[in-house]
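Undergrad: Using the working numbering, read the sequence shown as starting at 890 and increasing by one per residue. Glycine is no exception: its CB is placed at the ideal position from the N, C-alpha and C atoms. Bear in mind that the values here come from a model prediction, so they are computed numbers and not experimental data.
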Amino acid sequence: RYQKMKRVAKTFIICQFGLCAYLKDPTHKNRYIAHSFTFYILPQQQDCRYSFQASNVQFLCEHQFDFNKLFHEGIPYMGSNKEGKQSTGFVEVIQLLQSAGKPLVGHNLLYDLVLLYEKFCEPLPNSYEAFKRSLHKMFPLLMDTKALCNALRKSLRDCNLLQDSNLGMLYTELSR
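Printed below as a string of structure tokens:
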């Protein structure tokens, strides 16, 4: 599975990166304040070619993706194998995430981490074990809500909870 993800990561670009930072609400004991950010990012390699899958473009359009913003205002990045020591563009955001030492939480996070590593850190290692070791040094605490849901679903089977690990379905079910 990792080898397939590694091949795919080399051919795909990341054009949007969403990030949500949570701060403890000082006025309420068990409440957090969310600050969400959306970054439009655009690779800047010489002779970079962009190709799109029709289904991906359709999905982006259905979710109001702003292609004009991507191409006119996108934050540049050079990519892991081109940028070297130079810290410019979106790579600075990734470096801030690393230095913050905070947990990274995502849904079906492995795909995102493979792409993030390949595009903004360094070329992916040959083995999954080497990738995990390197990734753990960069981001020591990772939480995947899909993996958590799948683990919890087994113990909650009799309660008829968490029947689907789809993010939208989870949100609906847990918001009740």
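Which residues share a DSSP beta bridge with Leu993?
TA: Against the sequence shown, residue 993 aligns to sequence position 104. Leu1031, per the DSSP bridge assignment.
Undergrad: When you compare only the Cα positions, how much space is there between Leu1056 and Lys1035?
TA: Sequence index remark: in the sequence shown, residue 1056 carries index 167 (1-based). Sequence index remark: in the sequence shown, residue 1035 carries index 146 (1-based). Those two C-alpha atoms are separated by around 8 Å.
Undergrad: What first and last residue would you give for the beta strand (DSSP E) that runs through Phe926?
TA: Numbered from 1 along the sequence shown, position 37 holds the residue referred to as residue 926. 921-932 is the span of the beta strand (DSSP E), which, as asked, contains Phe926.
Undergrad: For Pro932, is the classification buried or exposed, using 16 other Cβ atoms within 10 angstroms of its Cβ as the cut-off for buried?
TA: Residue numbering aside, residue 932 sits at position 43 when the sequence shown is read from its first letter. So Pro932 ends up on the buried side.
Undergrad: In chain order, what residues of the same chain lie with their CB nearer than 6 Å to the CB of Asp1033, ignoring the 5 residues before and after it?
TA: Stepping through the sequence shown from its first residue, residue 1033 is reached at position 144. Excluding sequence neighbours, Asp1033 sits near Leu998.
Undergrad: With DSSP as the reference, label Arg896 as helix, strand or coil.
TA: The residue given as residue 896 occupies position 7 in the sequence shown. Note: Arg896 maps to helix in three-state DSSP.
Undergrad: Check whether the region 1008-1024 and the region 907-914 touch, using three or more Cβ-Cβ pairs below 8 Å as the test.
TA: The region 1008-1024 is not in contact with the region 907-914.
Undergrad: Shortest alpha-carbon distance to Phe1028 belongs to which of Phe928, Gln947, Arg1065, Leu993?
TA: As a first step, residue 1028 is located in the sequence shown; it is residue number 139 there, counting from the start. The candidate whose alpha carbon is nearest that of Phe1028 is Leu993.
Undergrad: According to DSSP, which residues form a beta bridge with Pro965?
TA: Reading the sequence shown from its first residue, position 76 is the one you call residue 965. In the DSSP output, where bridge partners are listed per residue, Pro965 has Leu931.
Undergrad: Please classify Gln942: does DSSP put it in a helix, a strand, or coil?
TA: The residue given as residue 942 occupies position 53 in the sequence shown. Gln942 falls in the coil class under three-state DSSP.
Undergrad: Taking the beta strand (DSSP E) that Leu912 falls in, what are its first and last residues?
TA: Here the question's residue 912 lines up with position 23 in the sequence shown. Looking at the DSSP string, the run of the beta strand (DSSP E) that includes Leu912 is 905-913.
Undergrad: Arg890 by DSSP, collapsed to three states: which one?
TA: Here residue 890 is taken as the residue at index 1 of the sequence shown, counted from 1. Note: Arg890 maps to coil in three-state DSSP.
Undergrad: Rounded to a whole number of angstroms, what is the C-alpha to C-alpha distance between Leu1063 and Ala943?
TA: One-based indexing of the sequence shown puts residue 1063 at position 174. One-based indexing of the sequence shown puts residue 943 at position 54. Approximately 33 Å between the Cα atoms of the pair.
Undergrad: Hey, quick one: how far does the alpha helix (DSSP H) through Tyr1062 stretch, first residue to last?
TA: In the sequence shown, residue 1062 corresponds to position 173, counting from 1. Note that residue 1062 corresponds to Glu in the displayed sequence, not to Tyr. Element bounds for Glu1062: 1056-1064.
Undergrad: Would the beta-carbon of Gly990 fall within 9 Å of that of Leu1031?
TA: To locate residue 990, count along the sequence shown from 1; it is residue 101. To locate residue 1031, count along the sequence shown from 1; it is residue 142. Taking 9 Å as the Cβ cut-off, Gly990 and Leu1031 do not qualify as a contacting pair.
Undergrad: Across the region 1037-1052 and the region 1003-1018, are there enough close Cβ pairs to call them in contact, namely three or more that are closer than 8 Å?
TA: The region 1037-1052, when compared against the region 1003-1018, does not touch it at the 8 Å Cβ threshold.
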